[in-house]
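K.L.:
Sharing a structure here in structure tokens format.
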């Protein structure tokens, strides 16, 4: 998975006339399923983490999960 900034993702979507799904994740299994599907479809996705999820999880752990994928 390649990490990109949101601006470049949305500019490419606008230019290509397609949408980009944004998904909230709360655990590794959700993140794995979303990134696997995006990879299979060769499609970008936006990974989101809610404030409530951050209240229950370590910020470093969530960041590391995304970078690991």
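In the working numbering, the protein residues as written are 114 to 182.
Ideal Cβ positions, reconstructed from N, Cα and C, are used throughout, including at glycine.
Suppose you measure from the CA of residue 127 to the CA of residue 116; what does that come to, to the nearest Å?
P.N.:
19 Å
K.L.:
Three-state secondary structure (DSSP) at residue 137?
P.N.:
strand
K.L.:
Quick check: does the Cβ of residue 157 come within less than 7 Å of any heavy atom belonging to the ligand GDP?
P.N.:
Ligands in the displayed structure: none, and consequently the ligand GDP is not present.
K.L.:
Tell me which residues share the same chain as residue 134 and place their Cβ nearer than 6 Å to its Cβ, disregarding the 5 neighbours each side in the sequence.
P.N.:
158
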